[in-house]
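**Q** Counting from 1 along the sequence shown, just add 1 to a position and that's the residue number in the working numbering. All residues carry an ideal CB built from backbone N, CA and C; glycine is no exception.
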Amino acid sequence: MTAIDLDKLDLAALLCSRVCHDVISPVGAIVNGLEVLEDENDASMKAFALDLIAKSARQASARLQFARLAFGAAGSAGAQIDTGDAEQVARGFIQDDRTTLEWHVPRAYLPKNRVKLLLNLLMVAGATIPRGGTIAADAEGEGETARFIITTRGSHARIPNHMETLLSGGAPEGGSIDAHGVQPHYTGLLAREVGMGITLAMTGEGDGVVITAAPGEKAAEAAVAGEPGTV
């Protein structure tokens, strides 16, 4: 595997592109709704436009709030983040007509990079169920021995191509990372920063994926026990 070391400016640019990609769709829908309000006299069309604007504004706000915690500074160096706040932004970002979030992480103040890792693992988890389903977030242990376990279930669940490579800091085919690949790459950077390894494995039934982030030794033990893909 070829390791990749992104320049800081390139990493910042790709993360900004990723955030813009997530926000541009609801913002564009708001613009479309406003155009309908300006051009239409039909009451039903105006009602539809207002509903579209309201729904899209909530979606854009939820995505920006999530990005602020998942990618942003979220306070000064060494700051801690309330997992209750993480749950709130995660629900706004993930839950929709297709996907449900089950949150079982105890409420506590954790170092910001651990909380950012948890939120980014949820984004990785979403990529494993392209047609929607459930994402369950759990935490086990306390302090330096704690680990996160994200379990997904849904139709056509799979571990995306290059996901493990990107999480481990490697380069996908072609040797470069785009705005889609930068998020799992960033997740891997966070995991290594807090001294954790990430494992991915299909569930026994094959209808979901289990993602585990644990301190290095625990991650290795999990892989030996039958959870392949330690990165």
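Tell me whether Ser62 is buried or exposed, calling it buried when 16 or more other Cβ atoms sit within 10 Å of its Cβ.
**A** Counting Cβ neighbours within 10 Å, Ser62 comes out exposed, since fewer than 16 surround it.
**Q** Classify Glu1 as helix, strand or coil using the three-state DSSP reduction.
**A** In the structure as shown, the chain starts at 2 and stops at 232, and residue 1 therefore has no counterpart that could be examined.
**Q** Please work out which residues of its chain come closer than 6 angstroms, Cβ to Cβ, to His163, disregarding the five sequence neighbours upstream and downstream, and give them in chain order.
**A** So the qualifying residues of the chain are Pro173.
**Q** Quick one, which of Glu206, Ala48 and Ala180 has its alpha-carbon nearest Arg159's?
**A** Taking only the C-alpha atoms, the option nearest Arg159 is Glu206.
**Q** What would DSSP say about Phe72, mapped onto helix, strand or coil?
**A** Phe72: coil per DSSP, three-state reduction.
**Q** So, does the region 62-72 touch the region 90-102, judging by three or more C-beta pairs under 8 angstroms?
**A** Counting Cβ pairs under 8 angstroms, three or more are found: they touch.
**Q** Per DSSP, Ile82 is paired with what?
**A** Answer is Leu111.
**Q** Could you give the DSSP three-state label for Thr1: helix, strand or coil?
**A** As shown, the chain starts at 2 and ends at 232. That puts residue 1 outside it, with no answer to give.
**Q** Buried or exposed: which applies to Thr231, given that a residue is buried once 16 or more other Cβ atoms fall within 10 Å of its Cβ?
**A** Residue placement at Thr231 is flagged as unreliable, the pLDDT there being 47, under the threshold of 50; a coordinate-derived value is accordingly withheld.
**Q** As an exercise, report each continuous beta strand (DSSP E) stretch of at least 3 residues that is fully enclosed by the region 162-227, in chain order.
**A** You should have 197-203 and 209-216.
**Q** Are the CB atoms of Asn121 and Thr188 nearer to each other than 7 angstroms?
**A** Contact flag set, yes.
**Q** Checking the sheet assignment: what are the DSSP bridge partners for His105?
**A** Bridge partners of His105: Asp139.
**Q** Just the C-alpha distance for Ser169 and His186, rounded to the nearest angstrom, thanks.
**A** Between Ser169 and His186, the C-alpha separation is close to 7 angstroms.
**Q** Helix, strand or coil for Thr231, going by three-state DSSP, please let me know.
**A** Because Thr231 sits at a pLDDT of 47, beneath the cut-off of 50, its placement in the model cannot be relied upon, and the point is left open.
**Q** Have a look at the DSSP bridge pairing and note the partners of Ala4.
**A** Answer is Gly171, bridged to Ala4.
**Q** With DSSP run on the structure shown, which of helix, strand or coil describes Gly29?
**A** Correct three-state label for Gly29: helix.
**Q** Please classify Leu10 as buried or exposed, where buried requires at least 16 other C-beta atoms within 10 Å of its C-beta.
**A** By the 10 Å Cβ count, Leu10 comes out exposed.
**Q** With a CB to CB cut of under 6 angstroms and the five nearest residues on each side skipped, what residues in its chain are close to Pro27?
**A** Hits under 6 angstroms: Ser57, Gln60 and Ala61.
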